[in-house]
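Numbering (the UniProt record's numbering), first residue to last: 1 to 289. Think of the CB as a built atom: it goes at the ideal place given N, C-alpha and C, for glycine as much as any other residue.
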């Protein structure tokens, strides 16, 4: 396949391998990486998706593609944060009405029954990966490692944006609800004092695993590899949430909402990047590239 040219006429990348340059000047990874398997990330099959893409393309006539990405992410983050704050009232109503919260106490009792010193230590070590120390180290390592491996800025930018947004949503959720954690007498040390809703460990795990999976899927060539990556990411996010319940640090409903919020924010970031790729491809096609 021929090598794609950058806007300045210099080679950037091929679908078959990395660029000869240390880093691309943009977030574009080359036309070959606009796909996940047979799925074209710049194709929008729904009417709503096409309208959104057309709006981004029109914005791309005034702004650079990376500026369109930034605008979309900021607007999506504001919307997600607002919905998080508004949903807190619905959440509290559900808890008070003993809806989904009917599961909270029985599930915690089940976790207590399953505990053992050895299992407590293992689960605590695992859950620390998603904590205030472990997750930043993990995210930074993945972001820098993938950027150096692929010689692209996109892993670094997308991972950092995703994790910062996840942190903000956690702060907004905890401030809006202020739900009390399960009784400290039922929790496995070390104990935590912050608000219970939502589970920050769980939200961050979903966001981190999701964005890394998205990045890897764009590079994976074989279907079995893509399936394996998705399964591993899902297992990581699910296990992180359940570990919080097992240790008595969160109620089950805190984890359920965190899974939903994480997926919602992840969809915003991925949609923003897809719009970036769409604008970039349309501009390249218009320029005869």
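Selection 80, 120, 46, 135 evaluated against residue 173 yields 80 as nearest (Cα-Cα). For residue 162, the uninterrupted alpha helix (DSSP H) segment begins and ends at 154-177.
Contact between the segment 200-210 and the segment 238-245 is established, with three or more Cβ pairs separated by less than 8 angstroms. By DSSP's assignment, residue 36 forms a beta bridge with 39. Setting aside the 5 residues that flank it on each side, residue 198 is surrounded in the same chain by 170, 173, 254, 257, 258, 261, each with a C-beta closer than 7 angstroms to its C-beta; the list follows chain order.
Within a 10 Å sphere around the beta-carbon of residue 175 sit fewer than 16 other beta-carbons, which makes this residue exposed. Around the Cβ of residue 47, a 10 Å sphere holds fewer than 16 other Cβ atoms; the residue is exposed.
By the 16-neighbour rule on beta-carbons within 10 angstroms, residue 132 is exposed.
Residue 150 and residue 64 have their C-alpha atoms roughly 23 angstroms apart. Secondary structure of residue 188 (DSSP, three-state): coil.
Under the three-pair Cβ rule at 8 angstroms, the segment 215-226 counts as touching the segment 34-45. Remark: C-beta atoms of residue 154 and residue 207 do not approach each other more closely than 8 angstroms. Within the segment 180-239, the complete alpha helix (DSSP H) segments at least 4 residues long are 200-217, listed from N- to C-terminus.
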